[in-house]
Structure formats: structure tokens, C-alpha cells
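Residue 269 is where the sequence shown ends in this note's numbering, and the numbering goes up by one at each step. Note that beta-carbon positions come from the ideal geometry of N, C-alpha and C, so glycine has one too. As the structure is a computational prediction, the values presented were derived from the model and not from experiment. The next block holds one structure in the form of C-alpha cells; read it before the comments.
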Amino acid sequence: MTLSNIMVSLDSSASTPGRVRLACSLAKRFDAILTGVAAQDPLPISIYGKGSYLDSNIIEVAEASARDELAKQEAVFREMSSGYNKAQMRVYDKEPLECVVSECARGDLLVARGLDDGNSGEIVKALSPAEIILRAGRPVLVTPSEPDDLSLGCAIVAWKDTRESRRAVADAMPLLRVAERVLLLTVASAEAETNADATEAYLRCHGVQCERVELPETTNVAQAVTGLARDEAAGLVVAGAYGHSKMRELVFGSLTYELLTSLRTPCLYSH
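Below, the structure written as C-alpha cells:
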């Protein structure tokens, strides 16, 4: 169980250089291929509408603009991954989300932007991490705008006894194995058993020793996770992602959406 191909989505946001540096650093750590994915639809339906009449001049200008944007993204990728001989680019003149989701079939992990970027461009909206997480079929490491490296001094597993959490723990195993400390976080609940003993045993079978942390029952689990990550200076949070496919965003107010909007620590999500 390792990481052989780490993918990173590129866009026009200000967080892209840091995201590529983080992905490149991770690729070097695992001696993995680093694949940058850039896509730009010259004539997105969200702007031009479906079935609109477009004269040749409009099409030419739109295509030139798309080529220019892709060239900028590729330049950022090349600069941030300079010197790493396993870095490669995949560039498309198609709808970004579909391209990124399709490319996930090639890789073990996708590094994607967070929601704290502040950039409201169409390309950035299209690559909002919520739908990527739900559709990728691969673990997605969502990075806030500040970090440009993944510190694994302390990693937190935000555990809940669900399919999504089990999937997340398995997907994160290569990272958990190299973390200096792993905290298995549970939140007390009167309604359900945490089954944390089984998860601790699973981690131990894979050579990961963890410390158990149980927090009191709370209605704001996201705040509890965020607070522990801050207090422990954690460099990584691992969490299952809950939501419904066919939606542009996860259910508003859900734990996953709250983590996406509030957590300032890189978080690996699996769905």
C-alpha cells in the first residue's frame, strides 16, 4: 500500500502554487509520479449558454483566452515542480470538473484546492472540492491556501463508525505510516458505539501506533475536530466524506461541509 501517482488539480486561484509545492513535496517523499491536471473549456455553457449562436470571432477569442490560461497554469506547475524528474502535465480544452474526475482513474491521490481561497472565477467554482470528493472514487487531499508542505508530525483520524470513515483510514494508510504521531479522535455519543477499538487494532496491524482521544458529546463535531487540530498543531486530518452525489455542494450544514469551510489543516477525505 503506497502512493505511486499523486495528482494535483490546477486552476487560476492564488492557492495553486502552494498546492503544487505541497503535492510535489509529497511525491518526492514517496518517489511517486506527480501529475498536474489543467483544463479550461473555451466556451463553458455557464457563460455562453447551451445552443447559443457564436460567431467565429467570439470562438477565436474564447479559444485564445483558454490557451493563455492553460499556459499560465502549466508555467506555475513547471516552476513549482522544477527539478523533479517524475513531474508531468495533462492538459485539456474541456470542462474542468469532468477532466479532473476522469483523470483520478490514473492516480492514487488527488490534491485539490480548499474553499478558503476567495477567488470567484468560473474555473475555480467548477473545481469546488465538494463535488470532486463525491465523484473522484479516490482519496482527495484538500489543502487550505496557506500550507505548501504536508507536515506529518501529527495526524488526526476523525473517526466515526461508518463506511466512509473506514475507507478514509485505509486510503490514508501510506501517510499514517510515516506520521510521527497519530491521534484517533472520537466524539462520545449516546446513540451509537464508536467501535474505536476495532480501528485501533486495524491501524496496529498496519504498523501504526495511535493515541486515543475521546471528546465529550457535542452538536458541533467540526468545531471539535478543528480545535484539536489547532491545539495539537496537526499537519493532517483524515475524515470520511458524507453527502449526496448529483449535487454541486455537499448538504449545507453537514459535518463534511463544515470541515471544508472551517478547517485550516490539510484534510484527506474519502467517500
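Inset, instruction - Use the C-beta contact count for residue 135: other C-beta atoms within 10 angstroms, 16 or more gives buried, fewer gives exposed. - result: exposed
Inset, instruction - Would you check if there are 3 or more beta carbon pairs closer than 8 angstroms linking the stretch 103 to 112 to the stretch 137 to 155? - result: yes
Inset, instruction - Would you give the residue range spanned by the alpha helix (DSSP H) that residue 148 belongs to? - result: Unbroken run through residue 148: none, as it is neither H nor E.
Inset, instruction - Using alpha carbons as the reference points, say which of 77, 252, 35 lies closest to residue 68. - result: 35
Legend entry - Supposed close pair residue 206, residue 181 - CB separation, criterion 8 angstroms: That belief does not hold up - the Cβ atoms of residue 206 and residue 181 are roughly 11 angstroms apart, past 8 angstroms.
Legend entry - Residue from 132, 263, 146, 22 with nearest C-alpha to residue 234: 263
Inset, instruction - Would you kindly check if the distance between the Cβ of residue 261 and the Cβ of residue 196 is under 9 angstroms? - result: no
Legend entry - Three-state secondary structure (DSSP) of residue 90: strand
Inset, instruction - Please classify residue 80: is it buried, with 16 or more other beta-carbons within 10 angstroms of its beta-carbon, or exposed? - result: exposed
Legend entry - Distance CB(residue 166)-CB(residue 266) smaller than 9 angstroms: Taking 9 angstroms as the Cβ cut-off, residue 166 and residue 266 qualify as a contacting pair.
Legend entry - Simplified DSSP state of residue 209, which is helix, strand or coil: strand
Inset, instruction - Give the straight-line distance between the Cα atoms of residue 84 and residue 187, rounded to the nearest whole angstrom. - result: If you take the alpha carbons of residue 84 and residue 187, they lie about 46 angstroms apart.
Inset, instruction - Select from 33, 86, 90, 129 the residue whose C-alpha is nearest the C-alpha of residue 61. - result: 90
Legend entry - Residue range of the unbroken beta strand (DSSP E) whose run includes residue 34: 31 to 37
Legend entry - Whole beta strand (DSSP E) elements within the stretch 166 to 210, 3-residue minimum: 179 to 185
Inset, instruction - Spatial neighbours of residue 243 within its chain, please: CB distance less than 6 angstroms, with the 5 preceding and 5 following residues excluded, ordered by chain position. - result: Note on residue 243: pLDDT 48, under 50, position unreliable in the model; no value is reported.
Inset, instruction - Using the Cα positions of residue 170 and residue 8, report the straight-line distance between them to the nearest angstrom. - result: Going by the C-alpha atoms only, they are around 22 angstroms apart.
Inset, instruction - Spell out the partners DSSP gives residue 265 in its beta bridges. - result: 140, 235
Legend entry - Cut-off 8 angstroms between Cβ atoms - residues of its own chain near residue 39, not counting five sequence neighbours on either side: 64, 91, 92, 93, 94
Inset, instruction - Using the Cα positions of residue 251 and residue 218, report the straight-line distance between them to the nearest angstrom. - result: The pLDDT assigned to residue 251 is 47, lower than 50, so where the model puts this residue is not dependable, and the model offers no usable value.
Legend entry - residue 190 versus residue 210 - alpha carbon distance: Near 18 angstroms, if we compare the C-alpha coordinates of residue 210 and residue 190.
Inset, instruction - Could you tell me the distance, in whole angstroms, from the CA atom of residue 183 to the CA atom of residue 157? - result: 6 angstroms
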